[in-house]
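Visitor: Dumping the structure here so I can ask a few things about it.
In the numbering used here, the protein residues as written are 8 to 171.
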């Protein structure tokens, strides 16, 4: 951190907070194919940076609406994922879509509702998308809705390989 030698003011460079959701409708989960870098063309959850003056829930709702037109009802806090290499904390909710009507908006090339067996696992944008999807399934299958975090020792340092 930077400290002014004259007045002692401390400039904190804090992590960025990303908010999003694993949103589902009748067994399918909502994924978005990214229209922006990083990882253009890869699939992700509706998520993005939290804005000043909003709660994490408000931010997750806003991101789903901005990227897919989706309206959500939250089930529970799914996980808090730490990505120190890029100074991010990701807060992800489990949510129900209020309607299956979704569309690709400005930051999204394509949207889809995927059954578990049809999720494009090799084309997911980030390790945290894998974590959140697996945590969502574990919560649903076991009834254990406690918030989760990164797999032990995994901090998302290795991105999935780029397609050629």
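In this text, a Cβ means the ideal position worked out from N, Cα and C, and glycines have one as well.
When the distance is taken between beta carbons, is residue 10 closer than 8 Å to residue 57?
Guide: If you number the chain shown from 1, residue 57 lands on position 50. If you number the chain shown from 1, residue 10 lands on position 3. No. Outside cutoff.
Visitor: Could you tell me whether the region 23-42 touches the region 125-140, using the rule of 3 or more Cβ pairs below 8 Å?
Guide: Yes: the two stretches touch, three or more of their Cβ pairs being nearer than 8 Å.
Visitor: Rounded to a whole number of angstroms, what is the C-alpha to C-alpha distance between residue 93 and residue 165?
Guide: Here the question's residue 93 lines up with position 86 in the chain shown. Here the question's residue 165 lines up with position 158 in the chain shown. Taking the straight line from one Cα to the other gives about 12 Å.
Visitor: In angstroms, rounded to a whole number, what distance separates the CA positions of residue 103 and residue 118?
Guide: By one-based count along the chain shown, residue 103 stands at place 96. By one-based count along the chain shown, residue 118 stands at place 111. Spanning the two alpha carbons is a distance of roughly 16 Å.
Visitor: Take residue 70 and list the residues in its own chain whose beta-carbon comes closer than 7 Å to its own, dropping the five residues that flank it on each side.
Guide: Start at 1 with the first residue of the chain shown, and residue 70 comes out as number 63. Closer than 7 Å at Cβ, skipping near neighbours: 26, 27, 53, 54 and 55.
Visitor: Buried or exposed for residue 143, please, with buried defined as at least 16 other CB atoms from any protein chain shown within 10 angstroms of its CB.
Guide: In the chain shown, the residue the question calls residue 143 occupies position 136. Per the 10 Å Cβ criterion, buried.
Visitor: Measuring alpha carbon to alpha carbon, tell me which of 62, 161, 121 and 158 ends up nearest residue 31.
Guide: Here residue 31 refers to the residue found at position 24 when the chain shown is read from its first residue. Among 62, 161, 121 and 158, the Cα nearest to that of residue 31 is on 121.
Visitor: As a quick exercise: from 83, 124 and 108, pick the residue whose alpha carbon is nearest that of residue 75.
Guide: On the chain shown, position 68 is the one that residue 75 refers to. Measuring from the Cα of residue 75, the nearest candidate turns out to be 108.
Visitor: Touching or not, the region 147-159 and the region 78-90, by the rule of three or more beta carbon pairs under 8 Å?
Guide: The region 147-159 vs the region 78-90: in contact.
Visitor: Please report the distance separating the alpha-carbon of residue 172 from that of residue 113.
Guide: As displayed, the chain neither begins before 8 nor continues past 171, which places residue 172 out of reach and without an answer.
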